[in-house]
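Student: Handing you a structure now.
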Amino acid sequence: MQIKIFAPRRLVLATHIFELGWDKLLLPEGSECVVDMSNCTYGEPMGMILFAVTCRNLIKRHPSVTFKIRTAPNSFRSYASHVGFFKYIGFDLGNAPNTATGSRTYTPIRTFSIPKIKELAGEVPVGKYLTKFSTELSEVLCQAGNGDIFDLFEYCFREVMRNAVEHGAGRNLVVFGQHWEAKGDAEIVIYDDGVGIAETLYDNEYIDCNNGREALKFAILPGISGVSRDERFSQDEMWGNSGFGLYVTSRFCAEYGSFRMISGDDALTFSRGTQSEHKWALPGTFVQMRFSVQASSSQIARINQIIEEGKLEFSSILGDYPIQPSAASKLLASHFEKEHVI
Ligand SMILES: Nc1ncnc2c1ncn2[C@@H]1O[C@H](COP(=O)(O)OP(=O)(O)OP(=O)(O)O)[C@@H](O)[C@H]1O
Ligand SMILES: [Mg+2]
150 MQIKIFAPRR LVLATHIFEL GWDKLLLPEG SECVVDMSNC TYGEPMGMIL FAVTCRNLIK
210 RHPSVTFKIR TAPNSFRSYA SHVGFFKYIG FDLGNAPNTA TGSRTYTPIR TFSIPKIKEL
270 AGEVPVGKYL TKFSTELSEV LCQAGNGDIF DLFEYCFREV MRNAVEHGAG RNLVVFGQHW
330 EAKGDAEIVI YDDGVGIAET LYDNEYIDCN NGREALKFAI LPGISGVSRD ERFSQDEMWG
390 NSGFGLYVTS RFCAEYGSFR MISGDDALTF SRGTQSEHKW ALPGTFVQMR FSVQASSSQI
450 ARINQIIEEG KLEFSSILGD YPIQPSAASK LLASHFEKEH VI
């Protein structure tokens, strides 16, 4: 028995991937499933990685089903083949992830084994160890090894990759970036198949977190970390967890573009002053950072300002200990106007 399932025409919007419902699809034992991508003409990092992860999970859940891919000879297929998209899903088409050299406009899809990173880092703090990859990825995207644009890309890659390794407890990390020079926009996406953000925050001594949606909001507050206070005392001074990574990246990206987290059963998006929430289910943690390169790279000093503002906010949060979700919402409201809840 052959079943055909169709990919969206464009792999751009998260809703188009979640509306497919492939996370709940049950295929008959022993059948053949054709993933038809022949109408697909365009893809961006978020859409491509969300689609690839969805397909990988579908394939994993159906060991007795034979999966085939159908594509059309168009520019999307060339690009996707080059960056390692089809092989990342598990189809024998194009390059394997990590093999292309990348270009001024994109990195190849990069995959990492989280246990391997931890093993290779050894005594070196994971954050420090990862800088060699965040530096390399940033260099590919901006074709420079220094300067404001380089610093900005490196910071975004590093902070979110660190989180995947330091907190996610998963096995796989995937990273993909694109820099549209003509438009002046960049997008970086990072996904890990770990426990998700909520799991790491339920036991936090400072906050009273009860569900996934609250967890995402707590995670972006300054000073809120899933790492316990005791553990934080024993961490490396420079690379220990202060609970600022997501606070800074989310605020910075939201000011110059958008920031999105999808983890467990919830998603939270900040985009130029508005906040939206979605009921999207994805095991692990997915982060999308998109920003205007020109506007943001001239404002790199803003990162330090955001950190200073965060320190002040942290002291006001602790005045309300244990922090209730309402305190979180109050803080968010000072930066973002609530748009809609889905
Ligand atoms: N990929 C992830 N998987 C699981 N939990 C995560 C992930 N990313 C973030 N978190 C949770 O969100 C918290 C806040 O993350 P954030 O980056 O802001 O702070 P931190 O990593 O604890 O400290 P810092 O970034 O300052 O080193 C983390 O401590 C962790 O509990
Ligand atoms: Mg962090």
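According to the working numbering, the residues represented by the sequence shown are 150 to 491, in order. Just so you know, even glycine gets a beta-carbon here, dropped at the ideal spot from N, CA and C.
1. How many Å lie between Lys-277 and Ser-224 at the Cα?
2. Should Cys-204 and Ile-238 be called a contact, given that it needs their Cβ atoms to be closer than 8 Å?
3. Could you give the residue range of the alpha helix (DSSP H) that holds Glu-348?
4. Short of 6 Å in beta carbon distance, which residues of its chain neighbour Asp-385, apart from the five on each side in sequence? Order them along the chain.
5. Would the beta-carbon of Gly-345 be found less than 7 Å away from any heavy atom of ligand 2?
6. Could you name the residues of the same chain whose beta carbon sits closer than 6 Å to that of Phe-325, not counting the 5 residues immediately before and after it, in chain order?
7. Closer than 7 Å to a non-hydrogen atom of ligand 2 - does that hold for the CB of Glu-308?
8. Tell me whether Arg-226 counts as near ligand 2, meaning its Cβ is closer than 7 Å to at least one heavy atom of that ligand.
9. Using only the heavy atoms of ligand 2, determine whether one of them is closer than 7 Å to the beta carbon of Thr-394.
10. Any idea if Thr-434 is buried or exposed, counting beta-carbon neighbours within 10 angstroms, 16 or more meaning buried?
11. List, from N- to C-terminal side, the beta strand (DSSP E) runs of 3 residues or more that fit wholly inside the segment 274–357.
12. Per DSSP, what kind of secondary structure is Ile-491 in: helix, strand or coil?
13. Consider the Cβ of Ile-198: report whether some Cβ of chain B lies at a distance smaller than 8 Å.
14. Under a Cβ-count criterion, where at least 16 other Cβ atoms within 10 Å of its own Cβ denotes burial, should Lys-265 be classed as buried or exposed?
15. Below 8 Å on the Cβ atoms is my contact criterion, and I expect Cys-287 with Glu-308 to pass it. Report the Cβ-Cβ distance as a whole number of Å.
16. Could you work out which residue in Met-186, Ser-187 and Lys-173 is closest to Lys-209 when comparing CA atoms only?
17. At the level of alpha carbons, what is the spacing between Trp-429 and Val-161?
18. Taking 7 Å as the cut-off, does the CB of Asn-353 come closer than this to any heavy atom belonging to ligand 2?
19. For Ser-407 and Lys-153, what's the separation of their Cα atoms in angstroms?
20. Note the first and the last residue of the continuous alpha helix (DSSP H) segment covering Cys-204.
21. Who are the Cβ neighbours of Glu-488 in its own chain at under 8 Å, not counting the five residues just before and after it?
22. Sort out for me which residues DSSP pairs Asp-185 with in a bridge.
23. Cβ of Asp-342 within 7 Å of any heavy atom in ligand 1?
24. Rounded to whole angstroms, how far is the Cβ of Lys-236 from the Cβ of Ala-245, which I believe are closer than 8 Å?
25. Between which two residues does the beta strand (DSSP E) holding Gly-406 run?
Tutor: A quick look at the data gives this:
1. C-alpha of Lys-277 to C-alpha of Ser-224: approximately 38 Å in a straight line.
2. Cys-204 is a Cβ neighbour of Ile-238, given a cutoff of 8 Å.
3. 346–350 is the extent of the alpha helix (DSSP H) around Glu-348.
4. In its chain, beyond the 5 residues on either side, Pro-274 have a beta carbon closer than 6 Å to the beta carbon of Asp-385.
5. No, the beta carbon of Gly-345 sits no closer than 7 Å to any heavy atom of ligand 2.
6. Pro-194, Ile-198, Ile-258 and Val-338, listed in sequence order.
7. Correct: Glu-308 has its Cβ closer than 7 Å to ligand 2.
8. Not under cutoff, so the answer is no.
9. For clarity, residue 394 is Gly in the given sequence; the question names Thr instead. Yes, since a heavy atom of ligand 2 falls inside the 7 Å radius drawn around the Cβ of Gly-394.
10. With a threshold of 16 other beta carbon atoms within 10 Å, Thr-434 meets it and is buried.
11. Listed in chain order, the complete beta strand (DSSP E) runs (minimum 3 residues) inside the segment 274–357 are 321–329 and 334–341.
12. Unreliable placement is indicated for Ile-491, whose pLDDT of 41 sits below 50; the coordinate value is still reported in the next sentence. Residue state, collapsed to three classes: coil.
13. The structure shown contains no chain B, having only a single protein chain.
14. Exposed is the call here.
15. Correcting the residue type first, residue 287 is Ser in the shown sequence and not Cys. So it is not a contact: roughly 12 Å between Cβ atoms.
16. Of Met-186, Ser-187 and Lys-173, the residue nearest in Cα terms is Lys-173.
17. Those two C-alpha atoms are separated by around 15 Å.
18. No.
19. Cα to Cα, Ser-407 sits roughly 35 Å from Lys-153.
20. Boundaries of the alpha helix (DSSP H) harbouring Cys-204: 194–210, taken from the DSSP string.
21. With a pLDDT of 48 at Glu-488, under the threshold of 50, the modelled position of this residue cannot be trusted; read the value that follows with caution. Apart from the 5 residues on each side of it in sequence, Glu-488 sits with its Cβ closer than 8 Å to the Cβ of Thr-423, Gln-424 and Ser-425 in its chain, given in chain order.
22. Within the DSSP bridge table, the entry for Asp-185 names Phe-155 and Arg-219 as partners.
23. False, no ligand heavy atom lies under 7 Å from that Cβ.
24. Indeed, because the Cβ distance is near 5 Å, the residues count as touching under 8 Å.
25. It spans 406–413 - the beta strand (DSSP E) in which Gly-406 sits, taken as one unbroken run.
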